[in-house]
Amino acid sequence: MAVVDDSKKVLVTGASRGIGKGIALKMASQGYDVAITYRSEKGEAEAVAHSIEQDYGRKCIIFHADLSNEHTAEDLVGKTIKEFGHLNILVNNAGLTITSPIAEMEIEKINYLLNLNLKAPLLLMRAAIRHMKEEKIRGNIINIASTRGKRAYPVDAVYGGTKAALIRATESVALECAPYGIRVNCIAPGATRVRDGNDQFYEKLGNKIPLKRMGTPEDIGQAAVWLVSDQASYITGETIKIDGGLILPGMPEDVSPEAGYGWGKI
């Protein structure tokens, strides 16, 4: 089990469901106080907060945040610091997947993905790092990217492009922050089951993966907890794939239109 500092406070964006929820719950289970954001599902965010407080005895605060708005990031970090007193860990998880041939994609969707998936993490990192440097906090930042930022797929230029850019930005920011003891890393999930139901679809998709199952939010949460622990204290600027071997070199894949362009659209 990773050893963590009980005084650490973490902000996880987009944590009312899915991977963000998995990370928030795993952090709380290891003794972290957690701030989470949601965009539209307040009830789901409240349920996550209830679990954190009742099951793990940790404090949880909820913020409504539209992170596609460039003015949200600095305000969100400021509110978190005001509630907690300081911020040690930022997890940039909020994001959206939209796939389309680039020639057919509306400019509004392109801008939305760029703002939410790339610009928001950059602005949140900027605000959090300013705080950490000023308070001399040897903090951690985790950016949640995707294996689709590591491997090209058709109809994925914008979403996959934002995730590739986030991976590259993680490396640059890690270099900038290393002298201050601030570590910056990336997790790239593969095919991760974030919804109940549709068992046949998920079974078929899982069977395409070398480890023969879908990933879970808990898998991602466990990796995040380890990355911010002292056990990973010599790791920065890295992208850890949590994908069951999905994009290993040599992994066979049909990317024809008839196959739905691979694993993402069975």
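With my numbering applied, the sequence shown covers 1267 to 1532.
Every residue gets a Cβ at the ideal spot worked out from N, C-alpha and C, and that includes glycine.
None of these values were measured; they are calculated from a predicted model.
Contact belief for residue i with residue j at Cβ below 8 Å, rounded distance in angstroms
| i | j | result |
| --- | --- | --- |
| T1436 | T1458 | With 8 Å as the limit, T1436 and T1458 do not qualify as a contact, their Cβ atoms being about 19 Å apart. |
| I1395 | T1505 | With 8 Å as the limit, I1395 and T1505 do not qualify as a contact, their Cβ atoms being about 19 Å apart. |
| G1280 | N1359 | 5 Å |
| M1391 | V1424 | Not really, about 21 Å apart at Cβ, beyond 8 Å. |
| T1405 | I1448 | It should be noted that the sequence gives Gly, not Thr, for residue 1405. Rounded, the Cβ-Cβ distance is 5 Å, consistent with contact. |
| S1317 | L1291 | 6 Å |
Within 8 Å, strictly: CB atoms of residue i and residue j
| i | j | result |
| --- | --- | --- |
| N1354 | V1460 | no |
| A1440 | K1429 | no |
| G1510 | P1476 | yes |
| E1307 | S1282 | yes |
| D1485 | I1508 | yes |
| R1324 | Y1304 | no |
| I1328 | A1313 | no |
| Y1446 | K1399 | yes |
| L1389 | A1339 | yes |
| L1362 | L1342 | no |
| I1364 | H1397 | no |
| K1478 | G1487 | no |
| A1301 | E1349 | yes |
| G1286 | V1278 | yes |
| L1493 | N1451 | yes |
| H1352 | E1401 | yes |
Boundaries of the beta strand (DSSP E) in which residue i is found, first to last residue
| i | result |
| --- | --- |
| R1449 | 1449-1455 |
| N1406 | 1406-1410 |
| T1505 | 1505-1508 |
| L1333 | L1333 -> no beta strand (DSSP E), and no H or E assigned at all. |
Minimum C-alpha distance to residue i - residue among the options
| i | options | result |
| --- | --- | --- |
| V1357 | K1474, I1289, H1316, I1318 | I1289 |
| N1377 | K1402, T1346, L1333 | L1333 |
| A1444 | I1407, N1464, F1467 | I1407 |
| M1480 | G1456, I1501, E1401 | G1456 |
| I1501 | E1469, G1463, I1453 | I1453 |
| A1315 | M1293, Y1446, L1362 | M1293 |
| R1414 | A1431, E1401, H1352 | A1431 |
| P1420 | A1498, H1352, D1462, P1367 | P1367 |
| H1337 | Y1322, S1295, A1393 | A1393 |
| Y1322 | G1309, R1417, Q1296 | Q1296 |
| P1222 | I1403, V1491, R1417, A1489 | Nothing can be reported for residue 1222: it is not among the residues displayed for the chain, which extend from 1267 to 1532. |
| N1409 | D1422, Q1497, E1469, A1490 | A1490 |
| D1422 | A1369, E1442, K1470 | A1369 |
Min CB distance residue i to chain C below 8 Å
| i | result |
| --- | --- |
| I1373 | The question asks about chain C, but that chain is absent: this structure has only one protein chain. |
Bounding residues of the alpha helix (DSSP H) (the contiguous stretch that carries residue i)
| i | result |
| --- | --- |
| I1373 | 1373-1379 |
| L1388 | 1386-1400 |
| N1358 | First-last for N1358: 1355-1358, but that is the beta strand (DSSP E), not the alpha helix (DSSP H). |
| A1490 | 1483-1493 |
| A1301 | Element bounds for A1301: not the alpha helix (DSSP H) but the beta strand (DSSP E), 1299-1304. |
| L1441 | 1423-1443 |
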